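Going down the list, the sequences are from chains C and F. Note that the first sequence ends on residue 208 in this note's numbering; no numbers are left out. Note that the second sequence ends on residue 1162 in this note's numbering; no numbers are left out. For every residue, glycine included, the Cβ atom is placed at its ideal position computed from N, Cα and C. Remember, predicted model here, so these are calculated numbers, not experimental data. Heads up: the structure comes next, in structure tokens.
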Amino acid sequence: MGIKNYDDLNSLEIDTLREVGSIGTGNAATALSGLLNRRVRITLPEVRIMGYNEAIDWIGGPENVTAGVLVRISGDIGGIMLSVLPLEFVNMVLECMLDNQVEEFEHLDELQRSALVEVGNIMISTFINALSGLSGVTMDLTVPSLTVDMQGAILAVPMAEYGGQTDYLMTIGGNFTCDDYELPCRLLLSPEIRGLNYLLHKLGVSDA
Amino acid sequence: MPSGQKLVVKIADMKIAQHGEELITYALGSCIGICLQDKISKLSALIHIMLPLNMEAGRKNTMKYADTGIRETLKQMEARGSRRGNIVAKVAGGAKMFETASGSSLGNIGKRNIDSVHMILKAEQIRLLAEDVGGTTARTITFDPATGMVTVKSYGKPDHTI
């Protein structure tokens, strides 16, 4: 039968998803580390189930401008995966990859934008590969897409996608540290409910 | 940042300005902000909807959807003495935030929201005075009941009013 809404998840299920998130973001950190040639680690992985406006507060307010890389997931599980890259993180990436920086997002050129898409894509793909290997669930990913805009509108994409099923946004993900200082970068997986039930079933924690 | 005079309308929310306060809603991406005003009494409401049609069983959370959101707001405005024929609308939002390759029906919620808002306003016989919809950028809108003007702020573009 499984859950009907995200807030029906019990503590064992939440713990399992947190562990999945930990392995996924851990793999993403390793990939990022190789790409940037820096020591990248993850801070505490999180599973969050938030009301819409709570989620906007959590990300840091609606209007702050940020870069977001989005990938849609289909196959056994449907979902959206977002990599949210604030300016500080963007500059760290550009510094490592292209040896330059930007003062504002508006100044990003084509090459810099494609470097950001690639970084977002590598983090997302390694997360999904880890999840897939762990659970035996098949997931297909779309080509990544980058946007630079108000973060409230970026976060509203997964909200609207499943808004017909739920009043909550569920995210599995974590933050990163690079060379021991906190990197404001988030990797967020928002699964649809049916797929979430299937994932929990495959991981052996649901009674379905 | 909002001053004390601004009423903030959140996601899936609606507010009616009681004393001529400005109404503001932030970061409309594929969501749509619908400003409704009684042009005689100046009674003004702002709705922040997220999806086109309410197909939930219980039909709770009316303001999440264009259809139930607009109809419920009109009902509340009429309960405060507004006449349907005097109510006019301005709308903004319905952008496509990410270019994704998939051509699925879910691909463009913004477009579906715009179509739904147009349809509901027409069905409810509300005149649409102005709109700033579609495109690929988010919008923050401020609705001033005194003038009926809506200021649209987007990232990387000058503010403009509709």
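Here F:Pro1052 carries a coil assignment [DSSP, helix/strand/coil]. The criterion of a C-beta distance shorter than 8 Å is satisfied by F:Ser1044 and F:Ala1017. Uninterrupted alpha helix (DSSP H) stretches at least 4 residues long and entirely within the stretch 1024–1092 of chain F occur at 1066–1079, given in chain order.
When rounded, the separation of the alpha-carbon atoms in F:Glu1021 and F:Leu1046 is 12 Å. With three or more CB-CB distances shorter than 8 Å, the stretch 184–198 of chain C counts as touching the stretch 18–29 of chain C. F:Lys1006: member of the beta strand (DSSP E) spanning 1006–1008, first to last residue. Rounded to whole angstroms, the Cβ separation of F:Thr1136 and F:Lys1157 is 11 Å, and the two are not in contact under 8 Å.
Residue contact with chain C for F:Ser1030: present (Cβ-Cβ distance below 8 Å to some residue of chain C). At least 8 Å separates the CB of C:Gly120 from every CB of chain F.
Close partners of F:Leu1051 in chain C (Cβ separation under 8 Å): Ala160, Gly163, Gly164.
Contact between C:Val71 and C:Leu141 holds: CB atoms are separated by about 5 Å, below the 8 Å threshold.
Ranked by Cα distance from C:Ser33, the options C:Ala153, C:Thr138, C:Met97 are led by C:Met97.
Taking CB atoms only, F:Ala1092 has no neighbour in chain C less than 8 Å away. DSSP places C:Val93 in the uninterrupted alpha helix (DSSP H) bounded by 87–98. Out of C:Ile80, C:Asn91, C:Glu95, C:Thr138, the CA that lies nearest to the CA of C:Gly163 is found in C:Ile80.
If you look at C:Phe105, you'll find it isn't in any alpha helix (DSSP H); DSSP assigns it neither H nor E. Minimum Cα-Cα distance from F:Leu1051 among the listed residues F:Lys1015, F:Phe1143, F:Cys1031 corresponds to F:Cys1031.
In terms of beta-carbon proximity, F:Ile1011 lines the interface with chain C, with at least one pair separated by less than 8 Å. In this structure, the alpha-carbon of F:Thr1100 lies about 15 Å from that of C:Ile124. Within chain C, the residues Pro62, Glu63, Met150 have their CB atoms less than 8 Å from the CB of F:Thr1140, given in chain order. The closest CA to that of C:Asp76, considering only C:Gly204, C:Leu203, C:Tyr198, C:Ser206, is found on C:Tyr198. The alpha-carbon separation between F:Lys1075 and C:Gln112 amounts to approximately 51 Å.
For C:Ser125, no CB of chain F lies under 8 Å from its own CB, so it is not counted at the interface with that chain. For F:Lys1010 and F:Thr1062, the gap between their C-alpha atoms comes out near 13 Å.
Only exposed fits C:Glu104, as fewer than 16 other CB atoms lie within 10 angstroms of its CB.
Contact annotation: C:Val84 and C:Ile14 have beta-carbon atoms that are not nearer than 8 Å. Below the 7 Å Cβ cutoff, chain F contributes Phe1098, Glu1099, Thr1100 as neighbours of C:Ser145, in chain order. In terms of beta-carbon proximity, F:Met1077 stays away from the interface with chain C, with every pair separated by 8 Å or more. Taking a contact as a CB-CB distance under 8 Å, the pair C:Leu203 and C:Thr16 counts as one, their CB atoms being some 6 Å apart. Put simply, the CB of C:Asp179 is far from chain F, with every gap to its CB atoms at 8 Å or more. By the neighbour-count criterion, in which 16 or more other beta carbons inside 10 Å mark a residue as buried, F:Gly1085 falls on the exposed side.
In the three-state reduction of the DSSP assignment, F:Glu1131 falls in the strand class. One thing to note: C:Ile42 has its Cβ no nearer than 8 Å to the Cβ of C:Met170. By the neighbour-count criterion, in which 16 or more other beta carbons inside 10 Å mark a residue as buried, C:Tyr6 falls on the buried side.
If you compare the alpha carbons of F:Gln1037, F:Asp1144, F:Met1055, F:Ile1114 with that of F:Arg1080, the shortest gap goes to F:Gln1037.
Within 10 angstroms of the beta-carbon of F:Arg1139 lie 16 or more other beta-carbons, which makes it buried.
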